[in-house]
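Numbered by the working numbering, the letters in the sequence shown go through residues 9 to 566 in order. A virtual CB, placed ideally from N, CA and C, is assigned to each residue, including glycine.
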Amino acid sequence: MPAEQPQLVKRPIYVVLGTHRSGSSLCAHLMQTLGFDMSDKARPDPHNEKGYWEHLDIQIQQDHLLDALGRNFYSAAHALPLPSDWWKEPVVEPIRRTLKTFLASRMTSPRRLAFKDPRTVRFLPMWFEIFRELSLTPIFIMCQRSPMQVARSLHARDGFDLALGEYLWMLYAVDFFRYTAGQSRCIIEYDDWFSPGMPNLKKLIDFLDPLHSDIGTGADIASLAADIVDPRLRHDDDRSWETPAPYIQSFHELTKRLENEPQVAAAIEDAVVEFERVQAAMRPFEPMIASHRGAARAPKGDRRSMQVTAGPQREESRPRNVGPISTIDVVNLLARKRGFSRYLEVCTSATGHQFAEIDRTQLTTAHRLMYRCSDGYSDGLQIDFRSRNTGVRSFFDAFSRLGTKYKIILVDPWHTYECARRDLSYALAALDEDGILIVRDCDPPASGNWRGVTYAAFVDFVLGRNDIDYYTVDTDFGCGVIKKRRLSASDASDTPGAQVEEGLRFLWHTVRGDETLRYSSFKKVNRELLHMISVTEFLELESIDPAMVAKAPRVQSA
Numbered sequence: 009m010p011a012e013q014p015q016l017v018k019r020p021i022y023v024v025l026g027t028h029r030s031g032s033s034l035c036a037h038l039m040q041t042l043g044f045d046m047s048d049k050a051r052p053d054p055h056n057e058k059g060y061w062e063h064l065d066i067q068i069q070q071d072h073l074l075d076a077l078g079r080n081f082y083s084a085a086h087a088l089p090l091p092s093d094w095w096k097e098p099v100v101e102p103i104r105r106t107l108k109t110f111l112a113s114r115m116t117s118p119r120r121l122a123f124k125d126p127r128t129v130r131f132l133p134m135w136f137e138i139f140r141e142l143s144l145t146p147i148f149i150m151c152q153r154s155p156m157q158v159a160r161s162l163h164a165r166d167g168f169d170l171a172l173g174e175y176l177w178m179l180y181a182v183d184f185f186r187y188t189a190g191q192s193r194c195i196i197e198y199d200d201w202f203s204p205g206m207p208n209l210k211k212l213i214d215f216l217d218p219l220h221s222d223i224g225t226g227a228d229i230a231s232l233a234a235d236i237v238d239p240r241l242r243h244d245d246d247r248s249w250e251t252p253a254p255y256i257q258s259f260h261e262l263t264k265r266l267e268n269e270p271q272v273a274a275a276i277e278d279a280v281v282e283f284e285r286v287q288a289a290m291r292p293f294e295p296m297i298a299s300h301r302g303a304a305r306a307p308k309g310d311r312r313s314m315q316v317t318a319g320p321q322r323e324e325s326r327p328r329n330v331g332p333i334s335t336i337d338v339v340n341l342l343a344r345k346r347g348f349s350r351y352l353e354v355c356t357s358a359t360g361h362q363f364a365e366i367d368r369t370q371l372t373t374a375h376r377l378m379y380r381c382s383d384g385y386s387d388g389l390q391i392d393f394r395s396r397n398t399g400v401r402s403f404f405d406a407f408s409r410l411g412t413k414y415k416i417i418l419v420d421p422w423h424t425y426e427c428a429r430r431d432l433s434y435a436l437a438a439l440d441e442d443g444i445l446i447v448r449d450c451d452p453p454a455s456g457n458w459r460g461v462t463y464a465a466f467v468d469f470v471l472g473r474n475d476i477d478y479y480t481v482d483t484d485f486g487c488g489v490i491k492k493r494r495l496s497a498s499d500a501s502d503t504p505g506a507q508v509e510e511g512l513r514f515l516w517h518t519v520r521g522d523e524t525l526r527y528s529s530f531k532k533v534n535r536e537l538l539h540m541i542s543v544t545e546f547l548e549l550e551s552i553d554p555a556m557v558a559k560a561p562r563v564q565s566a
């Protein structure tokens, strides 16, 4: 008889799932402490002070996939089921390949392979393919929280309606039970973290290491867990006047009974099938739902909720001249005119205070990268990527590695020459070919104590390249606009980004090394060096109707 072939022993991979705001970050933090390879960085923010513990590479790629399938998290379409046979779409393959490559790179780590991202539960059919190709056996930890608590937390963080938050809970929970039937899985209830004796800790350790051969259950682990599980960060209150949806609440109660009452598995399966029928019935209405402006509700008074109509008007009703506008107005007008959907802001804790004014009515992605930003810093707005010091290279390297590009980028740098020049270089590399780079403070005032040297970095940057066009709007201390050049050399001379006269170049290179002489000389020829144009000329150049800015707040003129 032929000898039996030895079976390949598959390596386990631990996957933490759960609806957003369900305690998955807390669970991932504990697992990282216990030696699992959850993430290299915590990435805390005001909504998650101890960090998210997610691999940025996975998060960005899954955000790309949601966008590609028309299911961006902040859009109404996110609540829709994914398209039929979505994993066969051509756009999925390069993302799947990138995720597989990233996961393979982590397999060299001696730590237990693991990752956490709430988005994963919607893409499990794709992940099962990746696991098979890498000979990995998935082990699932599902973090659950009361649907109404999730809804309230999503409302506080993202402005979602409570009913939508509950529905998203159901959507993610159904996908979990639909795709993981028969798989090794453990359900962790959020409230149990705060019960006396912390029963979740023993439950999690028993599941992750049944023989207690690697993790153990000593007092040291309990002490670490007590530091991580902080009741002060629970961010919930018991408002009894809010009545949860009975259908969704009853499904949650079923899932809580599953481990002690295996017979309820049939009832859960029936509920999943029933929900699938509901989703199928929604298919004819998907275009109408997807066309809705968005799921997030902007706070009262927030400029994100402003609706600006740019329709044809009679010529005599248009203002002949438009006064100063803000840099954010320039960003919003260009993004709206061009139909841009992906926005990045590069700033510091001392410079980035306008993120709330970004018009999100058409944006599917709005990220903020903030450096010189302490772990505890918060201005009440989201900070997607933060660095304690001036370092930003790791983030832009990740963007490059993942092929992440933005349509419009605002650079509001720390006002040293080195930071401003570096930020411009990185931002241009992350800009899509038809995108636009906006730079703040390119023409600082001659009076006052503040001057900054962003202007010098901007001039050096634009004069040192032959692959861009640029101009500066004479507003808000100089709003620089940079575009990647797509014109031929013969056409370029007619654009605002035409080559600066050689005499001016010579003057600039003569004085740029002397800080005092540099500024005084710059102010004499700033209009020529910056290709300065008025707000009215900007609107004409970009074919923007002045009526679009009629309601925009005005800033102080320099």
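In terms of alpha-carbon separation, which member of the options lies closest to residue i?
i, options, result
"residue 449", "348, 96, 359 and 72", "359"
"residue 119", "285, 205 and 48", "48"
"residue 296", "550, 341 and 78", "78"
"residue 156", "66, 254 and 410", "254"
"residue 28", "277, 126 and 272", "126"
"residue 172", "338, 551, 81 and 150", "81"
How big is the Cα-Cα spacing for residue i and residue j?
i, j, result
"residue 555", "residue 345", "13 Å"
"residue 86", "residue 374", "16 Å"
"residue 486", "residue 533", "14 Å"
"residue 175", "residue 334", "39 Å"
"residue 516", "residue 415", "31 Å"
"residue 20", "residue 144", "5 Å"
"residue 66", "residue 538", "40 Å"
"residue 578", "residue 268", "Nothing about residue 578 can be read from this structure; the chain reaches only from 9 to 566."
"residue 107", "residue 484", "42 Å"
"residue 353", "residue 102", "26 Å"
"residue 288", "residue 185", "18 Å"
"residue 540", "residue 529", "16 Å"
Please classify residue i: does DSSP put it in a helix, a strand, or coil?
i, result
"residue 255", "helix"
"residue 4", "Lying before the first or after the last residue shown, residue 4 is absent from the chain, which here runs from 9 to 566."
"residue 362", "coil"
"residue 447", "strand"
"residue 137", "helix"
"residue 340", "helix"
"residue 394", "strand"
"residue 368", "coil"
"residue 487", "strand"
"residue 534", "helix"
"residue 517", "helix"
"residue 81", "coil"
"residue 118", "coil"
"residue 218", "coil"
"residue 106", "helix"
"residue 333", "coil"
According to the neighbour-count rule (16 or more other Cβ atoms, all chains shown, within 10 Å of its Cβ), is residue i buried or exposed?
i, result
"residue 423", "buried"
"residue 60", "buried"
"residue 514", "exposed"
"residue 18", "exposed"
"residue 437", "exposed"
"residue 72", "buried"
"residue 30", "buried"
"residue 411", "exposed"
"residue 161", "buried"
"residue 26", "buried"
"residue 190", "exposed"
"residue 183", "buried"
"residue 447", "buried"
"residue 271", "exposed"
"residue 393", "buried"
"residue 274", "exposed"
"residue 278", "exposed"
Checking 9 Å against the spacing of the C-beta atoms, do residue i and residue j come in under that value?
i, j, result
"residue 391", "residue 366", "no"
"residue 389", "residue 419", "no"
"residue 138", "residue 23", "no"
"residue 363", "residue 350", "no"
"residue 348", "residue 460", "no"
"residue 199", "residue 58", "no"
"residue 467", "residue 490", "no"
"residue 519", "residue 482", "no"
"residue 381", "residue 408", "no"
"residue 142", "residue 112", "yes"
"residue 240", "residue 180", "no"
"residue 428", "residue 406", "no"
"residue 453", "residue 462", "no"
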